[in-house]
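Peer 1: Let me give you the structure first, and then I'll get to my questions.
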Amino acid sequence: MPLIPKQAAIAVADMVDNCAKVKPGMNVLIIAANDGLHGGVNIVDQETVTWLHAVVVQRDADATVIWCDIPSRPAIIWGQGVDPSKAWRVPLVVANAMRAADVVISNAVDLTYEEELREIPDILAERKIKYARNMATTASLLSSNWGLTPYELVSEIRIQANAFAKPGAKWVMTHPNGSHIEGYVVKPEDMDDYAHYRDIGVYCPFPEGVWSSIRARDAEGVGIINEIGVIWARHIGVPCPFKQPVRVYIERGYIKKFEGGEEAETLTRFYKFISEYLGEAAYEVRGFHGGVHPSAILEPHQCPNAPYRHFIEHHHWSSFHFHMGNSRRAKDFPYLMHVSAELRGGDLKIGDHYVYRNGRITTADHPKVKAIAEKYKDRPGLEPERWLQTPR
0 MPLIPKQAAI
10 AVADMVDNCA
20 KVKPGMNVLI
30 IAANDGLHGG
40 VNIVDQETVT
50 WLHAVVVQRD
60 ADATVIWCDI
70 PSRPAIIWGQ
80 GVDPSKAWRV
90 PLVVANAMRA
100 ADVVISNAVD
110 LTYEEELREI
120 PDILAERKIK
130 YARNMATTAS
140 LLSSNWGLTP
150 YELVSEIRIQ
160 ANAFAKPGAK
170 WVMTHPNGSH
180 IEGYVVKPED
190 MDDYAHYRDI
200 GVYCPFPEGV
210 WSSIRARDAE
220 GVGIINEIGV
230 IWARHIGVPC
240 PFKQPVRVYI
250 ERGYIKKFEG
260 GEEAETLTRF
270 YKFISEYLGE
280 AAYEVRGFHG
290 GVHPSAILEP
300 HQCPNAPYRH
310 FIEHHHWSSF
320 HFHMGNSRRA
330 KDFPYLMHVS
340 AELRGGDLKI
350 GDHYVYRNGR
360 ITTADHPKVK
370 AIAEKYKDRP
380 GLEPERWLQT
390 PR
């Protein structure tokens with residue numbers, strides 16, 4: 000096994016200590032999928048899993064590693080003869096191992112907490128099992144500026160963005176491409192406000208990526224989008240990015256129509272199909288939020304898989320989005336519909352405060368964020384351009 004680069008060692012320790020929060024005596028389950036070693040969607044390498052295992056053991060915790068096969072199935076989940084109410088299932092051995100763990104560290108895209116199967120959060124909820132989603136699943140990703148940026152720093156950018164989302168406040172999204180959408184913030188379902196760190200709930204991703212999804216009502220306007228999140232782009236069957244921009248028309252909190260090229264036609268047919276299972280909620284603009292990471296843009300040599308690079312860029316501090324569709328209330332529907340309509344380089348305002356201004360998140364300038372950055376002068380931070388291998 001190759002020696003671990005110092006950059007990756009720092010990133011793995013950051014992930015285990017500050018994201019997964021592994022403590023002595025814990026039972027820690029590390030999951031990876033075999034297909035990811037050989038060109039599948041669950042991108043991973045053996046070095047990453049080995050390094051995670053070693054650091055967990057060094058923390059005097061008990062580590063178990065499962066390399067699993069994910070059921071082979073069509074990527075597109077709708078169409079003639081398809082019944083999305085009958086989804087694939089988490090392999091039983093994996094599900095039972097998760098139930099026995101104190102902490103799960105997942106390196107598998109297909110086993111994500113909020114973008115694939117409802118079964119995953121249901122399993123975790125049984126015992127409030129901590130679920131750390133490692134997105135830096137290869138040695139090169141761990142060693143990148145994305146992996147090396149301090150988790151504490153990005154978490155503070157995130158929490159300060161959350162603090163702007165006051166229930167009842169008006170929000171406005173605009174973009175140079177002509178997009179203009181506005182609506183109102185709705186109070187979270189299970190707490191009074193959104194300004195909470197990841198110590199509430201079971202889910203935490205590494206690297207930290209987005210501020211909390213903000214519930215919304217009465218959205219109105221037009222969003223002109225060039226892509227949606229890669230996981231549901233695959234499930235719907237549209238390229239990422241699109242061949243031609245799509246105009247999304249929104250009235251009273253619901254999508255009324257799509258206009259554009261092939262992608263608009265596909266989205267129109269998909270939403271009509273899925274509404275047979277979800278009803279009007281299929282068209283609901285349920286919320287919005289965006290990226291918080293200063294270095295979530297990688298070069299092809301760091302991540303040869305183009306869709307996964309787009310997935311990483313979803314978390315960049317220039318990127319925000321609104322969510323198209325809501326399957327949350329349909330408890331018998333097995334998929335977690337997570338169609339994020341991406342906008343990069345625009346403005347997002349909540350109440351009197353800009354969260355994004357001229358293509359950059361404003362909370363990076365908060366005094367608490369700057370104070371944390373001072374602690375990590377030897378790691379990428381608030382001046383990502385200084386750390387680029389290839390200047391842009």
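Residues 0 to 391 (numbering that gives the first Met the number 0) make up the sequence shown, in order. Backbone N, C-alpha and C fix where the C-beta goes; we use that ideal spot for every residue, glycine too.
#1: Per DSSP, what kind of secondary structure is P83 in: helix, strand or coil?
#2: Quick check on the DSSP output: the beta strand (DSSP E) that includes P204 runs from which residue to which?
#3: For a test of the three-state rule: what should DSSP assign to H337, helix, strand or coil?
#4: Could you compute how far the alpha carbon of G39 sits from the alpha carbon of I69?
#5: By Cβ distance below 7 Å, which residues in the same chain neighbour W87 in space, the five residues on each side in sequence not counted?
#6: How far does the beta strand (DSSP E) with K165 in it reach, from first residue to last?
#7: Could you spell out where the beta strand (DSSP E) holding L116 opens and where it closes?
#8: Would a C-beta distance cut-off of 8 Å place I349 and V92 closer than the cut-off?
#9: In whole angstroms, what is the alpha-carbon distance linking R132 and V354?
#10: When the Cα atoms are used, what is the spatial distance from G182 to A340?
#11: Using only alpha-carbon positions, find the residue among H234, Y253, G252 and A263 that is nearest to V245.
#12: Count the other CB atoms within 10 Å of the CB of Y334; is the residue buried (16 or more) or exposed (fewer)?
#13: Per DSSP, which residues does I223 bridge with? Please list them.
#14: Can you tell which of W231, A232, N161 and V54 has its C-alpha closest to the C-alpha of R197?
#15: Give the secondary structure of W210 by DSSP, where H, G and I count as helix, E and B as strand, and everything else as coil.
#16: Reducing DSSP to helix, strand and coil, say where M134 ends up.
#17: Check R216 in the structure and name its three-state DSSP category.
#18: Using a threshold of 8 Å, state whether the C-beta atoms of V11 and W50 are closer than that.
#19: Compute the Euclidean distance between the alpha carbons of A62 and Y130, then round it to the nearest angstrom.
#20: So what does DSSP say about E188, is it helix, strand or coil?
#21: Sorted by chain position, which residues of the same chain lie with C-beta nearer than 7 Å to A100's C-beta, five sequence neighbours on each side aside?
#22: Along the chain, where does the alpha helix (DSSP H) that runs through V91 open and close?
#23: Spatial neighbours of E424 within its chain, please: C-beta separation below 8 Å, excluding the five flanking residues on both sides.
#24: E118 and V89 look like a contact to me (Cβ under 8 Å); what is the Cβ gap, rounded to whole Å?
#25: Is it buried or exposed, S84, if we count other Cβ atoms within 10 angstroms and call 16 or more buried?
#26: Mind checking G289: buried by the 16 CB within 10 Å criterion, or exposed?
#27: Just verifying my parser: in three-state terms, what is the DSSP assignment at D13?
#28: Return the CA-CA distance between A295 and E258, expressed in angstroms with no decimal places.
#29: If I'm right that D217 touches R268 with Cβ under 8 Å, what's the distance once you round it to whole angstroms?
#30: If you drop the 5 nearest sequence neighbours on each side, which residues of the same chain put their C-beta closer than 7 Å to that of A372?
#31: Quick check: what's the CA-CA separation for H37 versus R356?
#32: Give the C-beta separation of F272 and F321 to the nearest angstrom, bearing in mind that I take them to be a contact with Cβ-Cβ under 8 Å.
Peer 2: Working from what's here:
#1: coil
#2: Y202 to F205
#3: coil
#4: 10 Å
#5: P70 and R72
#6: Looking at the DSSP string, K165 is not in any beta strand (DSSP E), and its letter there is neither H nor E.
#7: From DSSP, L116 is part of no beta strand (DSSP E); its letter is neither H nor E.
#8: no
#9: 25 Å
#10: 16 Å
#11: Looking at the Cα atoms, A263 is the closest of the given residues.
#12: So Y334 ends up on the buried side.
#13: R246
#14: N161
#15: The three-state reading of DSSP puts W210 in coil, since its state is none of H, G, I, E or B.
#16: Here M134 sits in coil by DSSP.
#17: Three-state DSSP puts R216 in a strand.
#18: yes
#19: 14 Å
#20: coil
#21: N26, V27, L28 and I128
#22: This sequence places Leu at residue 91; Val is not what is there. Element bounds for L91: L91 to A99.
#23: The shown model of the chain, from 0 to 391, leaves out residue 424, and the question about it has no answer.
#24: 5 Å
#25: With fewer than 16 other Cβ atoms inside 10 Å of its own Cβ, S84 counts as exposed.
#26: Burial call: buried.
#27: In the three-state scheme derived from DSSP, where H, G and I count as helix and E and B as strand, D13 is classed as helix.
#28: 30 Å
#29: R268 and D217 do not touch by the CB rule: their CB atoms are close to 27 Å apart, not below 8 Å.
#30: Scanning its chain for C-beta atoms nearer than 7 Å, with the 5 sequence neighbours on each side dropped, one finds around A372 the residues L152, G380 and L381, in chain order.
#31: 41 Å
#32: No, F272 and F321 are not in contact; Cβ-Cβ is about 21 Å, not under 8 Å.
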